[in-house]
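Everything in the sequence shown is counted per the working numbering, starting at -5 for the first residue and increasing by one.
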Amino acid sequence: MSAGSDSRGKDLKQALGLTESVESKHFEAQGTLGRMDNYYRWILGTFGDSVGQRVWDAGAGVGHVTELLRARAEFVLASEFTERNLACLRDRFAGCDGVQVEFCDLSSDEALDLVRHRLDTIVTLDVLEHIEDDGAALARYFQILEPGGALLVKVPAHKFLYGTVDEASLHFRRYARAELRTKLEATGFVVEKIHHMNMAATLPYFLKGRVLKKQSNFSDTIDQGKLGFYNKLMPLLEGLEKILPTPFGLSLVAVARKPR
-5 MSAGSDSRGK DLKQALGLTE SVESKHFEAQ GTLGRMDNYY RWILGTFGDS
45 VGQRVWDAGA GVGHVTELLR ARAEFVLASE FTERNLACLR DRFAGCDGVQ
95 VEFCDLSSDE ALDLVRHRLD TIVTLDVLEH IEDDGAALAR YFQILEPGGA
145 LLVKVPAHKF LYGTVDEASL HFRRYARAEL RTKLEATGFV VEKIHHMNMA
195 ATLPYFLKGR VLKKQSNFSD TIDQGKLGFY NKLMPLLEGL EKILPTPFGL
245 SLVAVARKPR
């Protein structure tokens, strides 16, 4: 990372209240969730054939989704803002043709420089809730995306679920479906699809964040010994949600298109 991006990353972490301890916990949580590869496949599956060939994984974490995207796209841009995540991404994808890792502060107009990559798809999973001015971030996505391109979004759902787990995860908000649609359309996007996913996790999350008031991010509340079982369960849950209505769920997913 350049000295400039290193300085900007530190400033952003300070603004977000991302202390070294909190950053370390989030980084460990991202690594833990890597054992849930079926979960990430499920998420991408909800977007259908909307993933294009020049894709930006905005807020790539430690690269779980980037790994899946590079198998289907000719170019993947993986961006993050912490030194730790960027180092992990660069190490993971060193020598991988078609994958580029860059620093990006989604809360700054400096992100608009990414328009040079001529991106036809932006994948932003569990990112918008961490940005105070999410409307401005959506506007930047809109400006960066090529005409006709797709914004693929996943955010935490249901305002009533907001509790201590969200606070520990540095979430500014959870989203109602109508709210997410309104924000996307106000930016200029045409919403092609928006629905809930992961109904089964809603009650456990409510109990942990609103009843038991756990002071940790969600992945830290998961029994590590059961991750393998949960991963095997994901295809079953995915299959059920393909045939059942999803009036609620832990997350909202949306496909939004920039008009040509």
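From the three backbone atoms N, C-alpha and C, an ideal C-beta is built for every residue, glycine too. A quick note: this is a predicted structure, and the numbers were derived from the prediction, not measured.
- Looking at ALA250, PHE69, ARG66, the one whose alpha-carbon comes closest to that of THR176 is ALA250.
- Distance from the CA of GLY243 to the CA of MET191, rounded to the nearest whole angstrom, comes to 5 Å.
- Unbroken alpha helix (DSSP H) runs of no fewer than 4 residues, entirely contained in the stretch 151 to 217, are found at 158 to 162, 171 to 181, 196 to 200, following chain order.
- Between LEU246 and ALA151, the C-beta gap is smaller than 8 Å, which places the two residues in contact.
- The beta carbon of THR118 sits closer than 8 Å to those of ALA52, GLY53, TYR135, LEU145, LEU146, VAL147, LYS148, all from its chain and outside the five residues before and after it, given in chain order.
- Counted as a single uninterrupted DSSP element, the beta strand (DSSP E) harbouring GLN94 occupies residues 93 to 97.
- LYS252 sits buried, since 16 or more C-beta atoms from the chains shown fall within 10 Å of its C-beta.
- By the 16-neighbour rule on beta-carbons within 10 angstroms, GLU68 is exposed.
- Excluding residues up to 5 positions away in sequence, LEU231 lie with their Cβ nearer than 6 Å to the Cβ of ALA194 in the same chain.
- Between GLN209 and GLY142, the alpha-carbon positions lie close to 42 Å from each other.
- Beta-bridge pairing by DSSP links VAL45 to no other residue.
- In the three-state DSSP reduction, LEU227 falls in the helix class (H, G or I).
- Per DSSP, reduced to three states, the secondary structure at ALA52 is strand.
- Judged by DSSP in its simplified three-state form, PHE242 adopts coil rather than helix or strand.
- Closest option to VAL121, judged by alpha-carbon separation, among ARG86, SER73, PRO241: SER73.
- Sequence-distant partners of ALA170 (beyond 5 residues in either direction) whose C-beta falls short of 8 Å from its own C-beta, in its chain, are ALA151, HIS152, LYS153.
- ALA131 and ILE125 have their alpha carbons spaced roughly 8 Å apart.
- The three-state reading of DSSP puts ILE116 in strand, counting E and B together.
- Here LEU106 has ARG134, GLN137, ILE138 as same chain residues with Cβ atoms under 8 Å from its own Cβ, once five neighbours each way along the sequence are excluded.
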